[in-house]
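Under this note's numbering, the sequence shown has 36 at position 49, and the numbering climbs by one with no breaks.
For each residue, glycine too, the CB sits at the ideal point set by N, CA and C.
None of the values given here were measured: they were computed from a predicted structure.
Take a look at the structure below.
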Amino acid sequence: MAYYTWILAFHVMSFTSWMAMLFYLPRLFIYHREHADNKAFGEVVEVQEYKLYNYIGVPAMWATILSGGLMLYLNPGIFQSGGWMHAKLFFVALLIAYSFSLNVIRKKLIVDPYYKSGKYFRFYNEVPTLLMIFIVIMVVVKPF
């Protein structure tokens, strides 16, 4: 199964790209909200948000999901190696939900640039970091 390591490498690269979007898009939301009075700035940020989400985030998320699913299909015995994989998949499901929530927020900011506060988005920006920490610990440490 030499191709399995190629799929794993693609999975890691896809996950890294997806995480880049998850880290940066909420930062753009902060700029969008804190410069809501500057319409020209808001229009530029809206384009950046759209492209980052749709051209990088969504394809990277689906590449991560599909490559991960393919690895599970090729190695179903991994579910017998402990509960760490179940926990990892739970946190991945939360990360997927978070990713979709960013698109909802992106669309709300277009309609109402005063939606939520910069402080709210600073807090919301920490969610993917926490989920990534749990996911990496499950994969590397395999605590159970």
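Compare the Cα-Cα distances from Val126 to each of Gly55, Glu30, Ser86 and report the closest residue.
Closest by alpha carbon: Gly55.
In angstroms, rounded to a whole number, what distance separates the CA positions of Leu59 and Ala74?
If I take the Cα positions, the gap works out to 14 Å.
Verify whether the separation of the beta carbon atoms of Gly44 and Leu12 is less than 8 Å.
Yes, the Cβ-Cβ distance between Gly44 and Leu12 is below 8 Å.
Would you kindly report the start and end of the unbroken alpha helix (DSSP H) that includes Gln67?
Taken as a continuous stretch (DSSP letters only), Gln67 belongs to no alpha helix (DSSP H), as it is neither H nor E.
Determine whether the beta carbon atoms of Met8 and Tyr40 lie at a separation below 8 Å.
Cβ atoms of Met8 and Tyr40: closer than 8 Å.
Between the alpha carbons of Ala50 and Leu82, how many angstroms are there, rounded?
So the alpha carbons of these two residues sit roughly 14 Å apart.
How many Å lie between Phe154 and Leu15 at the Cα?
Lying outside -12 to 131, the shown extent of the chain, residue 154 is not represented and no answer is given.
Is the region 62 to 70 touching the region -7 to 5, taking contact as three or more C-beta pairs under 8 Å?
No, because fewer than three Cβ pairs between the region 62 to 70 and the region -7 to 5 fall closer than 8 Å, the two stretches do not touch.
Do Ile52 and Phe108 have their beta-carbon atoms positioned less than 8 Å apart in this structure?
Not in contact: Phe108 and Ile52 (Cβ atoms no closer than 8 Å).
Over the uninterrupted alpha helix (DSSP H) stretch that includes Glu36, give me the two end residues.
Run containing Glu36: 26 to 38, per the alpha helix (DSSP H) assignment.
Can you have a look at Val34 and say buried or exposed, based on whether 16 or more other CB atoms are within 10 angstroms of its CB?
Result: exposed.
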